[in-house]
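Peer 1:
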Amino acid sequence: MQCCNANFDKCLHYVSPGHGGWGVIRVAALVPESRMLFISPFACGRHGALGGMLAGVKDRISYLFIDESDIVSGNYEEMIPNAVEELFEFLGERPKVLFYFVSCLDDLLGTDHEAVCAILSEKYPDVHFRSCHMNPFQMDTAIPPMVGLQLNIYSLLPEGRKKNPKQINLLGNNEPVSKSCELFRYTAAQGFTVKHITDCKTFEEFESLAESCLNIIVTPPAKKAGAKLEERLKIPYLIRFVTYDVEEIKDFYLNLFAKLNMTPPDMTGDIEKAENAFKAAKKVIGDFPIAIDFQAIKAPFCLARVLLQRGFNVRLICADQVLEFDKANYEWLRLNYPELEVMNPLHPDTVKFEYKGRDFLCIGFDAGYLTGSKHVVDFLDDAGNYGFDGIARLSDLMIKAYEQEADVNKMINDAGLII
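Oh and the sequence shown: position 249 is 250 in this note's numbering, straight run, nothing missing.
1) Helix, strand or coil for residue 196, going by three-state DSSP, please let me know.
2) Tell me which residue opens and which closes the beta strand (DSSP E) that residue 376 is part of.
3) Rounded C-beta distance between residue 170 and residue 196? I'm assuming under 8 Å.
4) Cβ of residue 289 within 8 Å of any heavy atom in the ligand ZN?
5) In the structure shown, what three-state DSSP assignment does residue 404 receive?
6) Would you check if there are 3 or more beta carbon pairs closer than 8 Å linking the region 177–193 to the region 232–242?
7) Quick check on residue 213: buried or exposed, where buried means 16 or more other Cβ atoms within 10 Å of its Cβ?
8) Taking the alpha carbon of residue 182 as the point to measure from, which residue in 159, 120, 271 and 253 has its own alpha carbon closest?
9) Let me make sure I understand the geometry here. Which of 35, 25, 285 and 414 has the alpha-carbon closest to that of residue 202?
10) Mark residue 404 as exposed unless 16 or more other C-beta atoms lie within 10 angstroms of its C-beta, in which case mark it buried.
11) Residue 370 by DSSP, collapsed to three states: which one?
12) Helix, strand or coil for residue 5 per DSSP?
13) How about residue 373 and residue 354: do their beta carbons lie closer than 9 Å?
14) Helix, strand or coil for residue 169, going by three-state DSSP, please let me know.
15) Buried or exposed for residue 9, going by 16 or more other Cβ atoms inside 10 Å?
16) Rounding to the nearest angstrom, what Cα-Cα distance links residue 219 and residue 243 in this structure?
17) Note the first and the last residue of the continuous alpha helix (DSSP H) segment covering residue 134.
18) Name the one or two DSSP bridge partners that residue 209 has.
19) Can you give the Cα-Cα distance for residue 200 and residue 97, rounded to whole angstroms?
20) Put residue 444 into one of helix, strand or coil per three-state DSSP.
21) Exposed or buried, what is residue 41 when buried is set at 16 or more other beta-carbons lying within 10 Å of its beta-carbon?
22) Which two residues bound the contiguous beta strand (DSSP E) that contains residue 363?
23) Would you mind working out which of 259, 168 and 391 sits nearest residue 209, comparing C-alpha positions?
24) Residue 174 and residue 390 - do their beta-carbons sit closer together than 9 Å?
25) Assess contact between the region 67–78 and the region 105–118, defined as three or more Cβ pairs (one per stretch) separated by less than 8 Å. Is contact present?
26) Helix, strand or coil for residue 78 per DSSP?
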């Protein structure tokens with residue numbers, strides 16, 4: 002479907018084997034010394050168990066399976082504290098944090114989770130308890146599961162910590178930004194340390210994030226958490242989602258150093274490196290058609306615009322919606338490249354596989370699966386890319402994908418995707 006007629010209807014979903022992401026269990030496991038308790042019917046628990054196995058955190062997950070009799074009897078809320086007591090007795094040593102996850106069923110029961118957490122906190126004052134949701138019911142609400150999880154994670158940061166004027170946090174990105182990113186070089190040159198949750202090996206180290214003087218919001222799900230931290234801990238935040246637009250990156254650094262009251266760095270060399278990376282990729286790839294997958298690139302319309310402006314032959318975008326921060330790029334594409342095709346990979350019509358047999362250089366393996374293409378960038382959630390360095394890294398991956406045939410099924414299996 003052409004860009005000017007893109008179909009983003011909310012309807013029955015088709016979910017391909019290439020669809021998915023980290024999942025809430027894997028994200029919660031980023032908090033060191035934490036444990037997860039999954040409370041649900043058996044089928045939902047199986048989903049969570051498989052997710053834990055794929056993510057390599059199965060030893061940190063426990064389960065409380067409920068059935069119809071538990072629901073009808075009204076004992077559901079009482080079962081949670083009892084299950085926690087049994088779990089802690091079994092473990093011997095209590096975790097610093099217990100995230101307990103409830104599924105769709107809980108939204109129908111109307112459980113008072115604040116009361117449950119209060120009971121648990123009174124009994125185990127040395128443990129932080131957080132109730133979390135893992136259900137599609139909340140996907141179209143103001144606080145979908147991943148947004149709620151980010152709020153829960155960063156609500157653990159303590160109040161009253163003395164601020165370190167030379168410490169900055171990166172929030173929202175599951176994978177750490179590559180250490181080759183110029184952000185670390187720019188900030189280190191002026192005495193700053195940039196921290197991320199994956200740098201923290203203990204819960205105490207995680208709590209030290211509360212001492213930072215600024216939060217940089219890297220992905221949309223962390224935006225509300227950043228705002229809450231500003232309100233609660235007085236840590237200001239700066240939003241700069243991942244982008245591959247050179248000017249947007251440049252403006253981000255100017256805003257960042259203005260906010261820090263520091264002299265902005267000389268970005269000339271890094272800008273030149275980024276543009277040269279685009280040129281090198283264009284020289285190799287030429288006019289070969291490109292498809293961009295929204296699971297790989299969180300701002301697919303931005304990347305499409307950037308590549309088209311540099312002569313690349315972007316022919317297809319796979320996206321189920323246009324996010325607010327990407328709307329201007331979408332409108333630009335509709336105006337300037339109305340023939341550009343947009344496929345909603347979640348729409349039921351996708352099962353017709355109308356793009357099968359049309360070979361693309363696919364940035365993302367869901368697009369690779371749906372098109373059957375042989376050239377696929379093995380990539381998810383902008384995977385560590387940020388700033389000018391992110392442009393160079395993506396360009397290198399595009400060249401590699403063009404020069405080598407892909408095993409898409411292996412990519413999907415290795416990614417450990419969770420719906």
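Glycine is no exception: its CB is placed at the ideal position from the N, C-alpha and C atoms.
Peer 2: This is what the structure holds:
1) In the structure shown, the three-state DSSP call for residue 196 is strand.
2) Residue 376: member of the beta strand (DSSP E) spanning 376–378, first to last residue.
3) Their Cβ separation, rounded to whole angstroms, is 5 Å, which keeps residue 170 and residue 196 in contact under 8 Å.
4) Only the bare structure without any ligand can be found here, which leaves the ligand ZN out of the picture.
5) Per DSSP, reduced to three states, the secondary structure at residue 404 is helical.
6) With a cut-off of 8 Å, the region 232–242 and the region 177–193 do not count as touching, because too few Cβ pairs lie within range.
7) Under a 10 Å Cβ-count criterion, residue 213 is classified as buried, with 16 or more other Cβ atoms of the shown protein chains found around its own Cβ.
8) Residue 271 is the option with its Cα nearest to residue 182.
9) Ranking the options by Cα distance to residue 202, first place goes to 35.
10) Its Cβ having fewer than 16 others within 10 Å, residue 404 is exposed.
11) Looking at residue 370 - three-state DSSP - the assignment turns out to be helix.
12) Bear in mind that the predicted position of residue 5 carries a pLDDT of just 49, short of 50, making it unreliable; the figure below should be weighed with that in mind. Residue 5 falls in the helix class under three-state DSSP.
13) The answer is yes: Cβ separation under 9 Å.
14) It is a strand residue.
15) Around the beta-carbon of residue 9, fewer than 16 other beta-carbon atoms lie within 10 Å, marking it exposed.
16) Using only the alpha carbons, I get a separation of about 6 Å.
17) Going by DSSP, residue 134 is part of no alpha helix (DSSP H) but of the beta strand (DSSP E) stretching over 129–134.
18) Looking at the DSSP assignment, residue 209 forms no beta bridge with any residue, so it has no partner.
19) In a straight line, the C-alpha of residue 200 is about 17 Å away from that of residue 97.
20) What is shown of the chain runs 2 to 420, which leaves residue 444 out entirely.
21) Buried, by the Cβ-count rule.
22) Counting along the chain, residue 363 sits inside the beta strand (DSSP E) bounded by residues 362–364.
23) It is 168 whose Cα lies nearest to the Cα of residue 209.
24) Residue 174 is positioned such that its CB atom lies no closer than 9 Å to that of residue 390.
25) They touch, by the three-pair rule.
26) Looking at residue 78 - three-state DSSP - the assignment turns out to be helix.
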